[in-house]
Structures are given as structure tokens and as C-alpha cells.
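Accompanying notes for the structure given below.
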Amino acid sequence: GLKIPTGEIAPVDGTIFDLRQIGVPSTKIDHNFCLSQQRAADAPAARLVAERGLALEILTDAPGMQVFTGKDIGIALEPQHWPDAPHHPAFPPIRLDPGARYEQTTLYRFSKV
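The sequence shown runs 78 to 190 under the numbering used here.
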């Protein structure tokens, strides 16, 4: 099916999109996850743990995270604004006026577990 944003902010409970518990994600994910704006500045937006004892935490001030999974070979996480935001007034704004400055901060933190 088409992957066009509808404006719906859907809960992930009980779906293939519920990645809050450690486990192998579905290979059918190519979606934007809406990040909580209430999380603490030092709280990771995402945390991955590899079987070999390596962990990755991503801290970002971006309002969303695009997550791509594929054929058991990997996962990609891309901090971003929500797709199609100009057409959905309830989405965080992405307009950048002439002369304005855009900044986004993302930190990738690796550790052993």
C-alpha cells in the first residue's frame, strides 16, 4: 500500500511498531515514529542492543524518528521532522522563513552492555 501520511498519530501498543521491549523488530517497518516531547533532554529517543554486547543510544531534539528495517540484515534510524508536515497543522512545524536558521542536534552514544 501507499505510505502517505494521513495525519493520524496512532498508538503502537500491540502492533509491529511497538519496539519498547528488547526483541527482533519486524522486517516490514518503514515509518516515522512520533517522539515524545516530554522526554528528558538526556533520555534516549532510541536504544539498540546488539547480540554481541554493544548498545547504541540516540539522543535527539528532532520530533520524529524514521525507522527502516529489512530482511534480517539491519535497521536504520533517522531523526527527522514528521513527513508531510506542511499539510497537517497538528504536526510540529517545519517552516523555515528566509534568513531564519535551522538547527537539529543528534548524539549517537555507543557502550558495551
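C-beta: ideal position from N, C-alpha, C; glycine also.
* With a cut-off of 8 Å, do at least 3 Cβ pairs link the stretch 112-124 to the stretch 81-94? -> no
* **When 172, 116, 167 and 106 are compared against residue 154, the one with the closest alpha-carbon** => 106
* Asked: Mind checking whether the beta-carbon of residue 80 lies closer than 6 Å to any heavy atom of the ligand ATP?
  -> By its list of ligands, the structure shown contains no ligand whatsoever, and the ligand ATP lies outside what it can speak to.
* What is the C-beta distance between residue 141 and residue 158, in whole angstroms, given that I count them as a contact (C-beta under 8 Å)? -> 6 Å
* To do: Please list, in chain order, all residues of the same chain as residue 182 whose beta carbon is under 6 Å from its beta carbon, the five residues on each side excluded.
  => Excluding sequence neighbours, residue 182 sits near 138.
* Relative to the C-alpha of residue 146, which residue among 161, 103 and 190 is closest? -> 103
* Asked: Given a threshold of 16 other Cβ atoms within 10 Å of its Cβ, counted over all protein chains shown, does residue 112 qualify as buried or as exposed?
  -> buried
* Asked: Taking just the CA atoms, how far does residue 177 sit from residue 97?
  -> Our two residues, residue 97 and residue 177, have alpha carbons roughly 36 Å apart in a direct line.
* To do: For residue 170, collect the residues of the same chain with a Cβ closer than 8 Å to its Cβ; drop the 5 residues on either side in sequence, then sort them by chain order.
  => Hits under 8 Å: 162.
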